[in-house]
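Colleague: To convert, take the position in the sequence shown, counting from 1, and add 378; that gives the working numbering. Mind looking over this structure? Questions follow.
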Amino acid sequence: MPVYNAPTKDTQFILHDVLKISDSDVPGYNELEAEFTGAVLEEAGKVATNVLHPLNVVGDTEGCRLENGIVYTPTGFKDAFEQMKEGGWTGLDMPEEYGGQNMPYVLGTAVGEMFSAANQAFVMYQGLTHGAASAILAHGTDEQKDKYLPNMVSCEWTGTMNLTEPHCGTDLGLMRTKAEPQSDGSYKISGQKIFISSGDHDMADNIIHLVLAKIPGGPEGIKGVSLFIVPKFIVNEDGTPGERNGVSVGKIEEKMGIHGNSTCVMNYDEATGWLLGEEHKGMRAMFTMMNEARLGVGMQGLSQAEAAYQNAVEYAKDRLQGRDVTGVKNPDGPADPLIVHPDIRRNLMDQKSFTEGARAFILWGATMIDKAHRSNDKDADGLISLLTPVIKGFLTDQGYDMTVQAQQVYGGHGYIEEWGMSQYTRDARIAMIYEGANGVQALDLVGRKLAQDGGKHVMAFFDMVKTFCKDNAGKDEAYDKAFIEPLKAASKDLQAAGMYFMQEGMKNPNNALSGSYDFMHMFGHVCLGLMWAQMAKAAQDALDGGASDKEFYETKINTGRFYMARRLPATGMHLARIQTGADTVMALDAANF
């Protein structure tokens, strides 16, 4: 059976040595001293390892089942959900007035990685609830907040987001679900939604669906979409769940992975709903959930890669196969362990350098969300808006690839269910698709985010990289060669790609759009390069300061050297692809495929 150990030490290093969160002037960060965050992460790690992880394989093998209109979750899920609620983990970063603990988002993100790595399918139930609650918090009336949020923060009630329909996924302007206005101010919602994660289950007293629908007579396309609160049970005046609403489960989808999460087809038959936010402004309200969800999905790419990597390392150390070409390392055994072989090392270093770099990237992104929300920092808001498609798209693509590489370490055993490695790959696969498929993320990045606010935010990113390189160059020749020079080169590749889009995209938009996926990956590599340059500097500072755990910091620097030397040069390949333009991409007629 696979193992999982929460990376508390590495997370602490990023929070305090690299990001220095307790020194920040963001409201609430002064409470995030190393001793406090360490205690929270240790407890979260225990929950992840002892409560959630043992249920991961249970959820995968049992799945959810629909019987007589009731959805049943896998064995043990209900008890684990109660433990999550009792521990206050569901409302860690939600407002105190609704029962939360009001911790900064960055701490919730650090804890969320551990929970997701331990059991992605399970944590989605509370994750979707968090997103739905955030949308109500941002766009709801005071009455709506008081009615729904206390129970959603505690997860006595859970939440969902209902966007996709059988005939429309990304293009929500094709939506058919209708919302007929009623004399009492409510609406009758009718239509069908598919792929609804956590759509129904037996772990909560009520489920609060946020449903996109069109009010008759509204504008055509996406401009006519509104968002509605549609509870499974109508809430009584005293706040308790009352009569059943006109919403039901058509079926549970049979999926490649995340079997422990009930992904449902939801039928709305004149279900009673209430407008959330303004009429025909549903996408604005829904994107409160989507942006948060996209960061969370990027985290899922990291979390599955981390869990898979941990198991691949253990296997590589234990499995005896072949002899080290430079000399026997295990003379008392019939063969040396896999980990002596250079290609296995290359494989494991790909994984390790990705997961540690991605963790820093995710936590850095979470600090921007805190700055935007807690300090009303418009620049931070703009920067995280720019980086959200990169976090979602790059980290899930790479995270999936790393789970495949972890499987590869096992050879044939990685393909056998007994060893549990295929679950990480199957579970990670969905992250590349939901909350906006990664191709759409790339289009959003190039088509919208680069030009946002006149290109202010991408220029701020380039200035950030340039300033970091300038401030830290010239002090250590080895550091300059290993970190500063590769980061400069990669950043120049990214800028060259942006310039190409400006020059050639105006002539033919397909020149930009055909290179958007490569650009997203370029951007991701540069971001991880920046993270590794910062982590290497922080590690060296710790060593220079006489840190007791010398091995940890030296390992960090050497892992960063690998990323800068072996992974970051991919920006050159992506630039070369982008600069070929759209001609070869668009050369074939549709009939010739």
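Cβ coordinates follow ideal geometry from the N, Cα and C atoms, glycine included.
Rank 934, 427, 827 and 734 by C-alpha distance to the C-alpha of residue 894 and give the top, closest one.
Modeller: Comparing Cα positions, the closest option is 827.
Colleague: According to DSSP, is residue 658 part of a helix, a strand, or is it coil?
Modeller: Three-state DSSP puts residue 658 in coil, outside helix and strand.
Colleague: Locate the alpha helix (DSSP H) running through residue 464, then write down its first and last residues.
Modeller: Note, residue 464: alpha helix (DSSP H), 455-464.
Colleague: What whole-angstrom Cβ distance do residue 739 and residue 898 have, given they're in contact under 8 Å?
Modeller: Going by Cβ atoms, the distance from residue 739 to residue 898 rounds to 13 Å, so no, they are not a contact pair.
Colleague: How many Å lie between residue 472 and residue 666 at the Cα?
Modeller: Cα to Cα, residue 472 sits roughly 14 Å from residue 666.
Colleague: Measure how close the beta-carbons of residue 669 and residue 555 come, nearest whole angstrom, since I'm counting them as under 8 Å.
Modeller: Contact doesn't hold; Cβ gap of about 23 Å is too wide.
Colleague: If we call anything under 9 Å between Cβ atoms a contact, is residue 585 one with residue 578?
Modeller: A contact, by the Cβ cut-off of 9 Å.
Colleague: Quick one: is residue 507 buried, meaning 16 or more other Cβ sit within 10 Å of its Cβ, or exposed?
Modeller: With 16 or more other Cβ atoms within 10 Å, it is buried.
Colleague: Give me whichever residues DSSP pairs with residue 623 in a beta bridge.
Modeller: Answer by DSSP bridge pairing: none, since residue 623 is not bridged.
Colleague: On the DSSP letters alone, give me the boundaries of the alpha helix (DSSP H) that residue 822 sits inside.
Modeller: Where residue 822 is concerned, the enclosing alpha helix (DSSP H) stretches over 816-822.
Colleague: What separation, rounded to the nearest whole angstrom, lies between the Cα atoms of residue 426 and residue 900?
Modeller: Answer to the nearest angstrom: the Cα atoms are 33 Å apart.
Colleague: Which partner residues of residue 649 appear in the DSSP bridge assignment?
Modeller: Beta-bridge pairing links residue 649 to 567.
Colleague: Can you find the residues in the same chain that come closer than 7 Å, C-beta to C-beta, to residue 465, ignoring five residues on each side of it along the sequence?
Modeller: These residues qualify, in order along the chain: 425.
Colleague: Tell me, to the nearest whole angstrom, how far the beta carbon of residue 433 is from that of residue 497; I am working on the premise that it is less than 8 Å.
Modeller: The pair is a contact, with the Cβ atoms about 6 Å apart (cut-off 8 Å).
Colleague: How long is the line joining the alpha carbons of residue 418 and residue 443, rounded to whole angstroms?
Modeller: So the two alpha carbons sit approximately 35 Å from each other.
Colleague: Name the two residues that bound the continuous alpha helix (DSSP H) containing residue 399.
Modeller: First-last for residue 399: undefined, no H or E at that position.
Colleague: Hey, could you find the ends of the beta strand (DSSP E) residue 538 is sitting in?
Modeller: Looking at the DSSP string, the run of the beta strand (DSSP E) that includes residue 538 is 535-540.
Colleague: Grouping DSSP H, G and I as helix and E and B as strand, with all else coil, what is residue 591?
Modeller: Correct three-state label for residue 591: strand.
Colleague: Identify the continuous alpha helix (DSSP H) that holds residue 879 and give its terminal residues.
Modeller: Residue 879 -> alpha helix (DSSP H) spans 863-882.
Colleague: With a threshold of 8 Å on Cβ separation, who are the neighbours of residue 489 within its own chain once the five nearest residues in sequence on each side are excluded?
Modeller: The answer, listed in chain order, is 418, 419, 422, 467 and 470.
Colleague: Considering residue 752, what are the terminal residues of the beta strand (DSSP E) in which it resides?
Modeller: Here residue 752 belongs to no beta strand (DSSP E); instead the alpha helix (DSSP H) covers 720-752.
Colleague: Residue range of the alpha helix (DSSP H) that residue 935 falls in?
Modeller: Its alpha helix (DSSP H) spans residues 928-940.
Colleague: State yes or no: is the C-beta of residue 456 within less than 9 Å of the C-beta of residue 532?
Modeller: No. Outside cutoff.
Colleague: Excluding five sequence neighbours on each side, which residues of the same chain lie with their C-beta closer than 7 Å to the C-beta of residue 860?
Modeller: The residues are 939 and 942.
Colleague: Rounded to a whole number of angstroms, what is the C-alpha to C-alpha distance between residue 441 and residue 452?
Modeller: For residue 441 and residue 452, the distance between alpha carbons rounds to 6 Å.
Colleague: Using DSSP bridges, identify the partner residues of residue 546.
Modeller: DSSP lists 543 as partners of residue 546.
Colleague: Could you tell me the boundaries of the alpha helix (DSSP H) in which residue 901 lies?
Modeller: Residues 894-922.
Colleague: Are the CB atoms of residue 798 and residue 682 within a distance shorter than 9 Å?
Modeller: No. Outside cutoff.
Colleague: For residue 601, which option in 526, 583, 656 and 481 has the closest C-alpha, if you only look at C-alpha atoms?
Modeller: Of 526, 583, 656 and 481, the residue nearest in Cα terms is 656.
Colleague: Keeping to the same chain, check which residues put their C-beta closer than 7 Å to that of residue 653; ignore five residues upstream and five downstream.
Modeller: Once the five neighbours on either side are set aside, the close Cβ partners of residue 653 are 565, 604 and 606.
Colleague: One question on the structure: do residue 609 and residue 619 come within less than 9 Å of each other, judged by their Cβ atoms?
Modeller: Yes; because the gap between Cβ atoms is below 9 Å, this pair is in contact.
Colleague: Mind checking residue 721: buried by the 16 CB within 10 Å criterion, or exposed?
Modeller: It counts as exposed.
Colleague: Look up residue 701 in the DSSP assignment and say whether it is helix, strand or coil.
Modeller: Coil, per DSSP.
Colleague: How would you label residue 545, buried or exposed, when you count the other beta carbons within 10 angstroms and need 16 or more for buried?
Modeller: Classification for residue 545: exposed.
Colleague: Three or more C-beta pairs under 8 Å: does that hold for the region 909-925 against the region 866-878?
Modeller: Judged by Cβ distances under 8 Å, the region 909-925 makes no contact with the region 866-878, as fewer than three pairs qualify.
Colleague: For the alpha helix (DSSP H) holding residue 756, just list the boundary residues, first then last.
Modeller: Where residue 756 is concerned, the enclosing alpha helix (DSSP H) stretches over 756-787.
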